[in-house]
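Notes follow the structure.
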Amino acid sequence: MTSLLTRPLSHGGSARRAVVASALALCAAAGLTACGKTITIGDSSSPATSSTPSPSPSAASTTAPAQGSGNSALQVVDSTAQDAGLSGTGGTVVGAVVQEAPPKWVQLSAVTSAPLSAAHLININQAALYRFDDDTADPSKSSCTGACAVKWPPVTIQEGGNVYLAGVNPKEVGAIRRPDGQVQITVGGWPVYRFSGDSKPGDLNGQGLDGKWFAVGPTGEKATQ
334 MTSLLTRPLS HGGSARRAVV ASALALCAAA GLTACGKTIT IGDSSSPATS
384 STPSPSPSAA STTAPAQGSG NSALQVVDST AQDAGLSGTG GTVVGAVVQE
434 APPKWVQLSA VTSAPLSAAH LININQAALY RFDDDTADPS KSSCTGACAV
484 KWPPVTIQEG GNVYLAGVNP KEVGAIRRPD GQVQITVGGW PVYRFSGDSK
534 PGDLNGQGLD GKWFAVGPTG EKATQ
């Protein structure tokens, strides 16, 4: 599995750190307008909107308001969780494990991996992320609830949480509130899911399933050969 963010910087970790430091310096000088954004949470039948720029990645939130406490904005940060000094998973789970509580933060990374050569998204656990043809992107709306959402868990996040990115344009990221009150991340307007049948990094067992589920690309497109 190859990250689209790190691949051009394979000549050395020191060079990568220098690039990151330069990028963060430019963000500070530009008032962070090019380095992230704040998004409000749309309901399941309306698109999310963007407003003010996000704070510095170093100011990552570690707590979030209780679910359902209001239309609390999310921060989309144009750098990785590691760059923000975070480790671990933010609370995300793997495979068929039930996500008991929304993660404090989520990372979306664009990669290529056999057998799928097209760029597609994974989370911090390196689990492939998917989109559903029965959903809509404009407006953003999820049609996967009940038993469907058990098989295809939505990618959720705590209100007030941070979405970190690697190889994904912050402009593509949004969020909706699902009927159960949870906040689901969208990419290119498409609600994003993982697949309970994927249990290890590189699994793409959900690709093409039922002719409606496909790995999601960095702009919300279907990632196909």
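Count along the sequence shown starting at 1, add 333, and that's the number in my numbering.
Glycine residues also receive a C-beta, built at the ideal position from the N, C-alpha and C atoms.
Just so you know, these numbers come straight off a predicted model, no measurement behind them.
| message | Within the continuous alpha helix (DSSP H) that includes A482, where are the two ends? | response | 480-484
| task | Give me whichever residues DSSP pairs with P487 in a beta bridge. | result | Y526
| Do V549 and H453 have their C-beta atoms closer together than 9 Å? | yes
| field | Residue interval of the beta strand (DSSP E) (run including T519) | value | Annotation: the continuous beta strand (DSSP E) that includes T519 extends over 516-520.
| said: Could you give the first and the last residue of the continuous beta strand (DSSP E) run that contains I509? | reply: 506-510
| CA-to-CA distance, G553 to S532, given in whole angstroms | 23 Å
| Cβ-Cβ distance between A470 and T425 below 9 Å | Contact flag unset, no.
| request: Determine the DSSP secondary structure at L462, reduced to helix, strand or coil. | output: coil
| task | Quick one: measure Cβ to Cβ for T301 and P551, integer angstroms, because I've assumed they're closer than 8 Å. | result | Outside the displayed range of the chain (334 to 558) lies residue 301, so it cannot be described from this structure.
| request: Note the first and the last residue of the continuous beta strand (DSSP E) segment covering Q440. | output: 438-446 is the extent of the beta strand (DSSP E) around Q440.
| Chain-order list of residues whose beta-carbon lies under 7 Å from that of P486 (same chain, five-residue window excluded) | Q432, Y526, R527, S529
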